[in-house]
Amino acid sequence: MRKNLFLNILLMIGLISCSPDSKLSKEEQKNNSNIKEVLDNVKKDVFKNLYGNQQEQKDFTENFEDQKHENSIVPVEYEASARVQKKEIKQENLIPVTDDEKEADKVIKNTENILKNSGFSKLIKDICMLKDEYISIKNDFDDVISNIKNRKTSLMSNYKDNKDKINKLTQLQNTSKTYNDEFDKFINKIDIVEQEIRSAAFFFDRAQKNLKDSIIKRLESKKKNSDASQLSRQALIDAENALKNLESYFSQKVYAMVKMTEIQEFIKHLKTILARASINR
142 MRKNLFLNIL LMIGLISCSP DSKLSKEEQK NNSNIKEVLD NVKKDVFKNL
192 YGNQQEQKDF TENFEDQKHE NSIVPVEYEA SARVQKKEIK QENLIPVTDD
242 EKEADKVIKN TENILKNSGF SKLIKDICML KDEYISIKND FDDVISNIKN
292 RKTSLMSNYK DNKDKINKLT QLQNTSKTYN DEFDKFINKI DIVEQEIRSA
342 AFFFDRAQKN LKDSIIKRLE SKKKNSDASQ LSRQALIDAE NALKNLESYF
392 SQKVYAMVKM TEIQEFIKHL KTILARASIN R
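With the sequence shown counted from 1, adding 141 to any position gets you our numbering.
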């Protein structure tokens, strides 16, 4: 607005200066001279105000930038302070207090007592070795059954003289069918046991993590924290699932080992009968 006023004043000065003095009276020339003097004073004031305000604007801008820079430091200090506060929670302070936290901690410790020094990785390795042993026994069983079949076929050429041997081999074939049908079931059962122990390991690790996180959230918040309560309840559920799968693992593993011993004894019996049937064609 001040710039426009300044331009208008300059325009007026130009118009006055363009008027031919020769045609004006002395009184009019004197009036014009006075007007010009006033306009020159106004012009100086306009320049002064214009550039004076620019200096003020410059000073304001510099002060604002300095203040803005100072204000930008505050969040960094606050964030650093927040990180220090979080680091104050130590391991010895992670003590279960609520009912869910105590119960979850109890189940976790029961699971650790069952594991002792074994660990889930060793249990998984053991069940995989048991599965490999079962497959090896199954291959041995199939070889024996195949030999019985071949021996029986050879004895059939003289059925009258080999009647007793043929009957014994036939009985073995009928009995072995039961074991042959159960072999696949045993291996499937071992697969289930392996899955159970892997699930137990997953639930156990998650239960420990959720319990620790729930305690930390409770300690960080003075008010009742719904997230902490939810984590502690989930920790209890996971701990119970881990313990349940671990107990099932041991019971199923014992059953598989008993059946494996039983099958091994039966294979020995088959080999003994087969050896006798091979004597004295």
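Backbone N, C-alpha and C fix where the C-beta goes; we use that ideal spot for every residue, glycine too.
All values reported here derive from a predicted model rather than from experimental measurement.
Alpha carbon to alpha carbon, how far is residue i from residue j?
i    : j    : result
N251 : E274 : 31 Å
K409 : I378 : 47 Å
E403 : Y320 : 10 Å
R292 : D267 : 38 Å
S419 : K301 : 16 Å
L271 : D322 : 19 Å
N280 : Q371 : 51 Å
K332 : N303 : As written in the sequence, residue 332 is Asp, which differs from the Lys given in the question. Approximately 43 Å between the Cα atoms of the pair.
M297 : A416 : 17 Å
K394 : Q405 : 16 Å
L310 : N299 : 15 Å
A245 : N258 : 21 Å
I265 : I276 : 17 Å
N386 : V285 : 37 Å
S362 : D240 : 18 Å
D346 : K263 : 15 Å
D305 : S295 : 14 Å
E211 : L235 : Low per-residue confidence applies at E211: pLDDT is 48, beneath 50, and the placement is therefore not dependable, though the value from the model is reported in the following sentence. Answer to the nearest angstrom: the Cα atoms are 39 Å apart.
Would residue i and residue j be called neighbours here (beta carbons separated by less than 8 Å)?
i    : j    : result
A348 : A376 : yes
N382 : F324 : no
S367 : S355 : no
S287 : L411 : no
I230 : L360 : yes
K400 : F282 : no
A380 : V248 : yes
Using only alpha-carbon positions, find the residue among the options that is nearest to residue i.
i    : options                   : result
I338 : Q405, I230, D281 and S392 : S392
N351 : A369, L360, V334 and E335 : A369
E253 : V399, A341 and I356       : A341
Q336 : F261, V238 and I357       : F261
E242 : S419, T413, V399 and I357 : I357
L388 : I255, E233, A245 and E244 : Strictly speaking, residue 388 in this sequence is Glu, with Leu absent from that position. Considering only alpha carbons, the answer is I255.
F407 : N299, L296 and I278       : I278
I414 : D332, N299 and Q312       : Q312
Q232 : K353, D346 and T239       : K353
Q314 : K306, K330, S295 and K290 : K290
V334 : I307, K306, D240 and Y390 : Y390
F330 : C269, L235 and I236       : Checking the sequence shown, residue 330 turns out to be Lys, not Phe. With distances taken between Cα atoms, K330 lies closest to C269.
For the alpha helix (DSSP H) containing residue i, list its first residue and its last residue.
i    : result
K250 : D240 to L256
K353 : K304 to E361
E388 : S367 to A418
S262 : F261 to L296
Does the beta carbon of residue i come closer than 8 Å to any beta carbon on chain E?
i    : result
R347 : The structure shown contains no chain E; it holds only a single protein chain.
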